[in-house]
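A short write-up of the structure that comes next.
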Amino acid sequence: MAFKIIEGCVNCWACEPLCPSQAITAGTPHFVIDAKKCTECDGAFAEPQCASICPVEGVILDGLGVPVNPPGSLTGIPPERMAAAMAEIRAR
Numbered sequence: 007m008a009f010k011i012i013e014g015c016v017n018c019w020a021c022e023p024l025c026p027s028q029a030i031t032a033g034t035p036h037f038v039i040d041a042k043k044c045t046e047c048d049g050a051f052a053e054p055q056c057a058s059i060c061p062v063e064g065v066i067l068d069g070l071g072v073p074v075n076p077p078g079s080l081t082g083i084p085p086e087r088m089a090a091a092m093a094e095i096r097a098r
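If you count the sequence shown from 1, you need to add 6 to reach this note's numbering.
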């Protein structure tokens with residue numbers, strides 16, 4: 007299986023140079039991962055390099071469509087807690 011970059015990618019170029027299999031290329035409207043080249047960094051790194059550097063949560067999916075960098079992965083704040091905090095701010 008291979009990873010996939012979806013809409014929401016901001017084309018920041020952070021992931022492209024980190025990919026050990028050179029599977030990531032610039033595309034339109036966002037970067038693309040070549041499924042034939044992507045190894046999911048298996049055996050090369052403990053964590054997928056693209057997901058570890060991506061500044062946008064939830065735009066890199068695994069072969070099952072599950073985000074490799076899910077909401078909360080950058081901030082460390084669980085999505086439920088973030089939603090509650092945002093609701094409190096809006097209520098003020």
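Even glycine gets a Cβ: it sits at the ideal position worked out from N, Cα and C. Every value quoted in this text rests on a predicted model; they were computed, and no experiment measured them.
Integer Cβ distance of residue i from residue j, believed to fall under 8 Å
| i | j | result |
| --- | --- | --- |
| histidine 36 | isoleucine 66 | With 8 Å as the limit, histidine 36 and isoleucine 66 do not qualify as a contact, their Cβ atoms being about 11 Å apart. |
Distance, residue j Cα to residue i Cα
| i | j | result |
| --- | --- | --- |
| cysteine 56 | leucine 70 | 17 Å |
| leucine 24 | isoleucine 83 | 26 Å |
| proline 26 | glutamate 13 | 23 Å |
| cysteine 18 | alanine 93 | 30 Å |
| serine 79 | alanine 90 | 17 Å |
| methionine 88 | isoleucine 95 | 11 Å |
| alanine 52 | threonine 81 | 20 Å |
Beta-carbon spacing of residue i, residue j below 8 Å
| i | j | result |
| --- | --- | --- |
| alanine 20 | proline 73 | no |
| proline 76 | glutamate 86 | no |
| alanine 50 | alanine 8 | no |
| alanine 32 | isoleucine 39 | no |
Where residue i falls: helix, strand or coil (DSSP)
| i | result |
| --- | --- |
| glutamate 5 | Absent from the model: residue 5. The displayed extent of the chain is 7 to 98, so no value can be given. |
| proline 73 | strand |
| leucine 80 | coil |
| isoleucine 11 | strand |
Residues near residue i in its chain [Cβ-Cβ closer than 7 Å; skip 5 each side]
| i | result |
| --- | --- |
| threonine 45 | Ser27 |
| cysteine 15 | His36, Phe37, Val62 and Val65 |
Close Cβ partners of residue i (< 8 Å) along its chain, the five nearest in sequence each way excluded
| i | result |
| --- | --- |
| proline 54 | Phe9, Glu46, Cys47, Ile66 and Val74 |
| isoleucine 59 | Ala20, Cys21 and Leu24 |
Cβ-based neighbour list, residue i, same chain, cut-off 6 Å, excluding 5 preceding and 5 following
| i | result |
| --- | --- |
| lysine 43 | Ser27 and Ala29 |
| threonine 34 | none |
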